[in-house]
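Residue numbers (our numbering): 106 to 328.
Note that the Cβ used here is the ideal one computed from N, Cα and C, for glycine as well.
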């Protein structure tokens, strides 16, 4: 049995790190070096969506709509495969002009988006893909520093929204304890609290399915 891994095409991804070989910077899908990606036996990789510039984080709804946050692009997208051929045939631009809207998460039909200093949501989003309207501000009390300000977000098994706040520097000890931490809040933005401190910049986390332990990545210092 073989398994297909759809590839969300990341076009012209913004990056503040030193330049690397430009393997995926082309606008021509035919030029993507997919054969250079190593996969386990029985797997294959295919192009799933094009022209989703600067894609960063994704959240998949139960009905199959894929929501995509970006960083430098300032946009949030919704992608749909309506005919089941594992290729996107409907694409929606839900928002633009946001400040590093990296993180996306779904709960009870609402789409949550993390900007640098706030969490917003688009209620009942799948019924309003054409006209999502203005987002609701859930929480706007995070620091405004851009350095490590982009956020990955996810709902935990306790029903709370987990939101990291990166360190505002390469190496430092910021006075505000909310920096270099993982926080959580209720879905309505109340009762924000720090779960763990001393985490420089996590860009992904999940929970152990049996123990409920929070597992996370942490990007260490740059030099």
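message: If I follow the unbroken beta strand (DSSP E) through residue 215, where does it start and stop?
response: 215-219
field: Runs of alpha helix (DSSP H) lying entirely within the segment 202-285, each at least 4 residues, in chain order
entry: none
- prompt: At which residues does the beta strand (DSSP E) containing residue 174 begin and terminate?
  reply: 171-175
field: Cut-off 7 Å between Cβ atoms - residues of its own chain near residue 323, not counting five sequence neighbours on either side
entry: 304, 305, 306 and 307
message: Once DSSP output is grouped into helix, strand and coil, what is the label at residue 166?
response: coil
message: Using 9 Å as the threshold, is the C-beta distance between residue 171 and residue 184 below it?
response: yes
query: For the candidate residues 197, 188, 193 and 201, whose alpha-carbon lies nearest to that of residue 180?
result: 201
query: Nearest-angstrom Cα distance between residue 258 and residue 266?
result: 7 Å
- request: Taking residue 182 as the reference, give the member of 206, 283 and 136 with the closest Cα.
  value: 206
query: Which residue comes first and which comes last in the beta strand (DSSP E) that contains residue 318?
result: Unbroken run through residue 318: none, as it is neither H nor E.
field: Beta-bridge partners of residue 297, as assigned by DSSP
entry: DSSP lists no partner for residue 297.
- prompt: For residue 215 versus residue 227, is the C-beta distance shorter than 9 Å?
  reply: yes
- prompt: Would a C-beta distance cut-off of 9 Å place residue 217 and residue 292 closer than the cut-off?
  reply: yes
field: The beta strand (DSSP E) enclosing residue 195, as first and last residue numbers
entry: 195-200
- prompt: By Cβ distance, which residues of its chain are closer than 8 Å to residue 281, with the 5 residues on each side in sequence left out?
  reply: 248
- prompt: Do residue 177 and residue 160 have their C-beta atoms within less than 9 Å of each other?
  reply: no
query: If we ignore side chains and look at the alpha-carbon of each, how far apart do residue 252 and residue 199 end up?
result: 25 Å
message: DSSP three-state label for residue 125, please.
response: For residue 125, the predicted model reports a pLDDT of 44, less than 50, meaning its position is unreliable and no value from the coordinates is stated.
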